[in-house]
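In order, the protein sequence lines correspond to chains D and E. Note that my numbering numbers the first sequence so that position 39 is 95, with each residue one more than the last. Note that my numbering numbers the second sequence so that position 1 is 124, with each residue one more than the last. Note sheet for the following structure.
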Amino acid sequence: NAGVTQTPKFQVLKTGQSMTLQCAQDMNHNSMYWYRQDPGMGLRLIYYSASEGTTDKGEVPNGYNVSRLNKREFSLRLESAAPSQTSVYFCASSSSDSGANVLTFGAGSRLTVL
Amino acid sequence: AQSVTQLDSHVSVSEGTPVLLRCNYSSSYSPSLFWYVQHPNKGLQLLLKYTSAATLVKGINGFEAEFKKSETSFHLTKPSAHMSDAAEYFCVVKKDGGFKTIFGAGTRLFVKA
Numbered sequence: 057n058a059g060v061t062q063t064p065k066f067q068v069l070k071t072g073q074s075m076t077l078q079c080a081q082d083m084n085h086n087s088m089y090w091y092r093q094d095p096g097m098g099l100r101l102i103y104y105s106a107s108e109g110t111t112d113k114g115e116v117p118n119g120y121n122v123s124r125l126n127k128r129e130f131s132l133r134l135e136s137a138a139p140s141q142t143s144v145y146f147c148a149s150s151s152s153d154s155g156a157n158v159l160t161f162g163a164g165s166r167l168t169v170l
Numbered sequence: 124a125q126s127v128t129q130l131d132s133h134v135s136v137s138e139g140t141p142v143l144l145r146c147n148y149s150s151s152y153s154p155s156l157f158w159y160v161q162h163p164n165k166g167l168q169l170l171l172k173y174t175s176a177a178t179l180v181k182g183i184n185g186f187e188a189e190f191k192k193s194e195t196s197f198h199l200t201k202p203s204a205h206m207s208d209a210a211e212y213f214c215v216v217k218k219d220g221g222f223k224t225i226f227g228a229g230t231r232l233f234v235k236a
């Protein structure tokens, strides 16, 4: 029972390079999320997907795109990486987006953009 | 508009002494409130949640939190700290429906032997 799996765990990019962070969950959850974590700022929502086939912008979507490939998988793409995107990225899922539902997080992906 | 303020960026306690991590929230409706814990280089894990049932909520590892509407607070407590409690703790408020989840900035708990 893996929960939420993110890959890669670490990545170093040069400014202007592109990359995709992969996320998969095996809990049959409907909703999936991408957050970034920066020191002193908690977690901020980049994009979310309430259900398969839908995606919505969060607080900080600029510079990112997402794809909800199927119910299990939700990827985050950086088309042209910038140093400001250096961060730790977390994927999360929940059974729905109702208030009481708990988020289950992956272990995180640490991205450095030089 | 919703907001969450964790009043201390760092808290240091001695092993065996009580823990208090403070959280104030702002919300124009009855929110759901959560505490999550993050150990170094790990993802976040739920400690406890409040969803308008009992105001005193018990979580894992001996933690509990009390919802006080009059004070708009949801402070996290534990009677006796253990070394394994050293981690970062996040207070979270969520509106029912939609993606509007607001994380506090986090409180790092240090536990001294």
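Using N, Cα and C, we set each Cβ at its ideal position, and we do this for glycine too.
Item                                                                                                : Value
Straight-line gap, Thr142 (chain D) to Pro64 (chain D) (C-alpha atoms, nearest Å)                   : 14 angstroms
As assigned by DSSP and simplified to three states, the class of Ser207 (chain E)                   : helix
Buried versus exposed, by CB contacts within 10 Å (16 or more), Ile102 (chain D)                    : buried
Rounded straight-line distance, which links the Cα of Ser196 (chain E) to that of Ser153 (chain E)  : 13 angstroms
Beta-carbon proximity of Leu39 (chain D) to Leu77 (chain D), cut-off 7 angstroms                    : Since the first and last residues shown for chain D are 57 and 170, residue 39 (chain D) lies out of range.
Range of the contiguous beta strand (DSSP E) that encloses Ile225 (chain E)                         : Thr224 to Phe226
Beta-carbon proximity of Asn157 (chain D) to Ser150 (chain D), cut-off 7 angstroms                  : yes
Run of the beta strand (DSSP E) containing Ala148 (chain D), from where it starts to where it stops : Ser143 to Ser150
Within-7 angstroms CB hit, Leu99 (chain D) to chain E                                               : yes
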